[in-house]
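*Asks:* So that we are looking at the same thing, I have put the structure below in structure tokens.
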């Protein structure tokens, strides 16, 4: 887990009185910067605009971006329109023409905007107060936030697709909170485009002709620099962003079944039955549990920071993170023992009893205790820990079976007879020993990727890309166990959804274990027979 | 893709002023006919009523209909009630008795009808105008549409279950639009009962004792001749039919995950959050995007015909159709190269750049551009094409693995040692060379089905029926890849739902490819070992 | 199916006039008892409180309860809080302090209660009438039901977590109805904790370190003794309990996809579209189909007892039960023929034409006929029977393949070379021949579990626990067929949801059959080769 020192003086209170804003130091001297605090080479491969000519990240030479990355990662990949040059309108600041034309061209968008707080930023006392804060912070009068304000790049005279940096000009506290995700480490939102492009299988798949198969990857991972993932354009409603549905288009599925597990839990069911009585216009910090919300939302729990304060950063209190990283405090039998054996791009084992995590746990208890007894909440969260310990133990047992099979020479076809690890000709050229860790770096350098890689996190490539005989089925069985099913069990248990916990989590883990065990027994049997047959 | 010339003069405007109806030529001389435009033999095996005595379609001798087909395919299979003869009521035209008895017998139905437009066809100005059109078209005064009007077959003096033809007596423009689905080709709604009954595995499964296992098939495919699939009885509300939920009972699942992908997309999420503010009483042609609907519905996009007009035919603009048929413009390595090798019952390869499809694409862009920029929409749809090209390429690679395995003699058990292709004793008797294509016809005639059939579309039988060792697991693995997972990826991408696109589409395609590759390697290894063992 | 004679004089009318209550004999002499009517040894292993020191059920020595079982099975496992002794408040009956403290400590709960009928039991005429019945029945005046009334155990001076017995003090008719589930037999709610703890794999998994993996099991099975599974605390609203969502947190997933199948059926879709117009404040017996509900709910069908009466017991009309038990009336080829070969813990084959089941069927028809014709409803339910007959026939064919494989000595690794059946060292010690049946008892006694167990119901262990090579993959394939997919097909068909019926039911059954067939062919081939290889 790479942590970047950011050193911003952040306000923990998102929504507070107007007086608050006035007391803040004006930050005009440091414009919002999504890549602030990143290593030097980042800016060159993530932020510097190249349109669709080149890729992003360390492996940019191995893949061309998808056409849609223009809209999804606009900082790096946006290209101005060619068929209609808007520069004349921008140069002349013809703000009037935007709506005049687009009322015809894209009426839905214009109507959306008309009903938004941008069109009428002072239509209610609450909105007025918020707008007033922004006015003070930015030294501007805001009677209407107009297409032009977000979409016109007055320097280049081109239309731009707004990123968080554009939004952050006015919504700076939210932007700064968002940026603080880097402090917590991955997985998070702000680094999700990095997460895509820094793994070799993503570039390898693109190189092998499956770039557009990764449509789904990029669509979620566009959350790295755009705010409309949660606050849909062109309403950009805070109230919308407070509703669980704002999260679900990304937060569902095998890797993080949050929508399914929350949605079908008692919390989610009550929310669904009573959502029309929930008051989403209230800022989170003013929500009265049992009155404004009868049950918590994603946002209420995950954006609670501590001591009654909320933060525009839902990963802040993450302890188990995505559920992929094995914990300390267990006796491992497989190579998980020495994990992450020097790899620097991934996190060390999780110590859920670290000082930091114990503190996070206490903040979770503060949230739960709004409705549940301390003991109940504490017992619940401890049970989740136990679930995770047992799930990682089961994964370790399974990994041992696969690793022993390989060590005994029964992998078929063998690593020597199949394609190497993805991008094995690119990894050691692009990534340094310091980044990869010496052992991994050397393995790529000497073996050219002709070795099996099993288990979290590098082993997950088998879910993303199939090369010639690599991975084989037993490796992917294990991928399904530790990644797909373990994560279902994790989120089902964490969100109190029994079906997800058991039938899509623990039970399929067990059944996948069965498959692995039978497959390993067969590979050994076949290997033994083949040897006898050929030598006789 | 069999196209039937229909030659009707159709109105493209469904909802227009009263004046419009008056100008239309009266169509009383040609009563609505669901099988208009079909080959001669169709009527004899699809429309002629046989109750439950015989089956439908070319293989009618091999299966008896399910009992429920009486209600689901009433034209062919309905049987009058035996325990209560209603003919006396019909003969005497005792309209009063329907409600009198059924208010007791089936009160829910009667209450439903009371709240419907049929009970009060002039209760609002809008409804009045629509009713007036019908009155002019049919030369009738309509102050109440009564049980008797739809359910009494005055010729036979029997109760009937209304089909589209009955509805079409009044709702002729909608009926005619619906019929135009034949022009577009399969898959569509109007031929969905044909689609069931024309494939040999359906009849074979019935013959082998799994007729009622096909419950789910028939329940969807009853959409061929009944309107209450979308407009539920006995309200038959147009407003209900305009809501996405009208589609989902059929349009979900592995073959067309429309409900899942739309429902969990940003479009769907916004719909779900704001549906109470959507005005479904407005005809589609009058809907103002961003005002009446903040986000599009199934109907708004799929029933948009072109140039601002809507049509009661949701397949009209289909380009990729169901996603099963491979496109032109790709280099195939497997037998997909020569696909469909003379088979006439299935479509030729799709040319997405045909004049017809280029025109359809332009109509899609018209819809998208109500909210999105032309360039964005165009880029999105081109990306979908790219996704499909890559998915079909992956399927081709997988098909090649399976075909090579078979060609090299490693299928186990071999085609000679297992059951033949479904209904191999029936196909060539029932279907002509002209219908099947010479090669396929001859294969059935000479080999009696003792040959493997892999890939779209005839290979899909393995998802429907398991015979003795046919298909084998590797054939079904491939079925899952090209049918189940490719179609998920298609619809996930088409409906902008990242999780469906990736985690239920592309990722499982890759993982299934792994399975196929490992299974093929094993079958070859086992075959080699067996050969050596036996010959030593 | 073990039936316990209960011999209570139960009222079948749940909701009736106040006069009714007055006429009932007061039942104060027999306090509500969840374990009334169970065998003698039950109380000692299910009811007697042991906190978290010991387990529940016959195998209590083999597992320790989860921490959360304290809250989920409070009768047996609750432990008083240690960090804050509430006994002083209870002793002094300081009712005032509950709210005073908890308004701060857990404000959500307090606000929930304030909006409940417990806080204001006479706020409406309807509620007043119900409260008056309770007052008469219990000889108490009820102006407020207070924290203290449910949570204070005045005997032990300790806080208690209320079970159904506590609720039953006031809500006796509902409690008695609930208890009548024992009459119908398992699966049911009232015995769901027994169902968990009486099967050996549950205890074996706990013993092997996967106790917390069973989180999902216990969370559903806590419905055995708590009412807040359906009426969520601290509102305990009857109206909430009447809504389908009250059921879904448990009733979803592979074993009983009720939420999915109802929810996506036309019934469910109409419910979803029109739920805001449903009047859930009306007792079920007063609901007017087509007016108060346009479509049925879970509760309306499953809590309908007969002749217009409703009962607080949703399993009352169950015929096919969970769909796991094979029916009479079929010719079996596998060992299902002699099933349950003397096992007493599971049900005998289902005779759907028994007098009892024929009567139940007639009550189902009464419900359906509120909206559908008798013939339609009858045809539908007969079709469901046919579906089930065919599904069980398919399962029988598959079981035969697995059993023949084992009989011919091709299971790999063999039963002798792998772990025994779960808890084989515990079963015959804890359970008597009378309970297990002689053959099974003897098998455990002599073979110590070193024999394969395939098929319903004992074979399901493979979905719950993986031991060393037991089960093997082919056994679990069959588990998926008969348990996972057959049950999907069952509920999809029963709830008129075509996708669940076909694509998650019948089609995967067929595809799993393919896998079993290919796997059996391979195991035989490998066994033959191994034999030849070793003997040459």
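Residue numbers (my numbering), protein chains in the order written: chain A, 1 to 536; chain B, 537 to 1072; chain C, 1073 to 1608.
Even for Gly, the Cβ is constructed at its ideal location relative to N, Cα and C.
Can you give, in chain order, each stretch of the alpha helix (DSSP H) that sits fully within the segment 77-117 of chain A and has at least 4 residues?
*Replies:* 87-91, 95-105 and 107-114
*Asks:* Can you tell which of B/784, B/874, B/788 and B/958 has the C-alpha that lies nearest to the C-alpha of residue 742 of chain B?
*Replies:* B/958
*Asks:* Out of C/1176, C/1473 and C/1395, state which residue places its alpha-carbon closest to the alpha-carbon of residue 1586 of chain C.
*Replies:* From the listed residues C/1176, C/1473 and C/1395, the smallest Cα separation to residue 1586 of chain C is found for C/1473.
*Asks:* Any C-beta of chain B sitting closer than 8 Å to the C-beta of residue 185 of chain A?
*Replies:* no
*Asks:* Name, please, each residue of chain B whose Cβ falls closer than 7 Å to the Cβ of residue 1443 of chain C.
*Replies:* 642, 644 and 645
*Asks:* Quick check on this structure: which residue in C/1385, C/1276 and C/1290 has the alpha carbon closest to the alpha carbon of residue 1256 of chain C?
*Replies:* C/1385
*Asks:* For chain C, find out if any of its Cβ atoms is closer than 8 Å to the Cβ of residue 756 of chain B; answer yes or no.
*Replies:* Residue 756 of chain B counts as touching chain C.
*Asks:* Does DSSP put residue 517 of chain A in a helix, in a strand, or in coil?
*Replies:* helix
*Asks:* Scan the segment 1019-1041 of chain B for residues whose Cβ lies nearer than 7 Å to a Cβ of chain C and list them as they occur along the chain.
*Replies:* Within the segment 1019-1041 of chain B, no residue has a Cβ that lies closer than 7 Å to any Cβ of chain C.
*Asks:* Would you call the segment 1189-1196 of chain C in contact with the segment 1210-1221 of chain C, where contact means no fewer than 3 C-beta pairs closer than 8 Å?
*Replies:* In short, these stretches touch, since the Cβ pair count reaches three.
*Asks:* Closer than 7 Å: is that where the CB of residue 1476 of chain C sits relative to any heavy atom of the ligand NAD?
*Replies:* Inclusion of the ligand NAD in the displayed structure is not the case, the ligand content being empty and no account of it being possible.
*Asks:* What are the boundary residues of the alpha helix (DSSP H) that includes residue 1276 of chain C?
*Replies:* 1272-1277
*Asks:* Considering residue 977 of chain B, what are the terminal residues of the alpha helix (DSSP H) in which it resides?
*Replies:* 974-983
*Asks:* Taking the alpha carbon of residue 1318 of chain C as the point to measure from, which residue in C/1300, C/1329 and C/1117 has its own alpha carbon closest?
*Replies:* C/1300
*Asks:* When you compare the CB of residue 393 of chain A with every CB in chain C, is at least one pair closer than 8 Å?
*Replies:* yes
*Asks:* Does the beta-carbon of residue 1306 of chain C have 16 or more other beta-carbons within 10 angstroms, so that it is buried, or is it exposed?
*Replies:* By the neighbour-count rule (16 or more Cβ atoms within 10 Å), residue 1306 of chain C is buried.
*Asks:* What is the residue span of the beta strand (DSSP E) that residue 1378 of chain C lies within?
*Replies:* 1376-1378 is the span of the beta strand (DSSP E), which, as asked, contains residue 1378 of chain C.
*Asks:* Check distances from the C-beta atoms of the segment 593-604 of chain B to those of chain C and list, in chain order, the residues that come in under 8 Å.
*Replies:* 602, 603 and 604
*Asks:* Runs of 4 residues minimum, wholly inside the segment 700-757 of chain B: which ones carry the alpha helix (DSSP H) assignment?
*Replies:* 700-706, 708-715, 717-720, 728-733, 736-741 and 751-757
*Asks:* Looking at C-alpha atoms only, which residue of A/136, A/149, A/257 and A/66 is the closest neighbour of residue 93 of chain A?
*Replies:* A/149
*Asks:* So, residue 1330 of chain C versus residue 1522 of chain C, is the Cβ gap smaller than 8 Å?
*Replies:* no
*Asks:* Write down every uninterrupted run of the alpha helix (DSSP H) in the segment 650-677 of chain B whose length is 4 residues or greater and which is fully enclosed by it, in chain order.
*Replies:* 661-674
*Asks:* Quick one: what's got a C-beta closer than 6 Å to residue 80 of chain A's C-beta in the same chain, skipping five residues either side?
*Replies:* Here the set comprises 158.
*Asks:* When you compare the CB positions of residue 1139 of chain C and residue 501 of chain A, do they come within less than 8 Å of one another, or not?
*Replies:* no
*Asks:* Can you name, in chain order, every residue of its own chain whose Cβ lies under 8 Å from the Cβ of residue 1285 of chain C, other than the five neighbours on each side?
*Replies:* Closer than 8 Å at the Cβ level, and outside the excluded window around residue 1285 of chain C, lie 1277.
*Asks:* Okay, do the segment 212-226 of chain A and the segment 85-105 of chain A touch, 3+ Cβ pairs below 8 Å being the bar?
*Replies:* no
*Asks:* Residue 1541 of chain C CB to nearest chain A CB: under 8 Å?
*Replies:* yes
*Asks:* So what's residue 1310 of chain C in DSSP terms, helix, strand or just coil?
*Replies:* helix
*Asks:* Tell me the DSSP bridge mates of residue 1610 of chain C?
*Replies:* Missing from the structure shown is residue 1610 of chain C; chain C here goes from 1073 to 1608 and no further.
*Asks:* Exposed or buried, residue 894 of chain B, counting other C-beta atoms within 10 Å across all chains shown (16 or more means buried)?
*Replies:* exposed
*Asks:* Cβ of residue 858 of chain B less than 8 Å from any chain E Cβ?
*Replies:* This model lacks chain E altogether, as its protein chains are A, B and C.
*Asks:* For residue 587 of chain B, count the other beta carbons within 10 Å of its own beta carbon; 16 or more makes it buried, fewer makes it exposed. Which is it?
*Replies:* exposed
*Asks:* What residues from chain C crowd round residue 790 of chain B, counting only those whose CB sits closer than 7 Å?
*Replies:* 1575
*Asks:* Who does residue 1381 of chain C pair with in a DSSP beta bridge?
*Replies:* C/1378
*Asks:* Residue 1022 of chain B: which of B/760, B/865, B/1044 and B/732 sits nearest, CA to CA?
*Replies:* B/1044
*Asks:* Taking all protein chains shown into account, decide if residue 409 of chain A is buried (16 or more other Cβ within 10 angstroms of its Cβ) or exposed.
*Replies:* exposed
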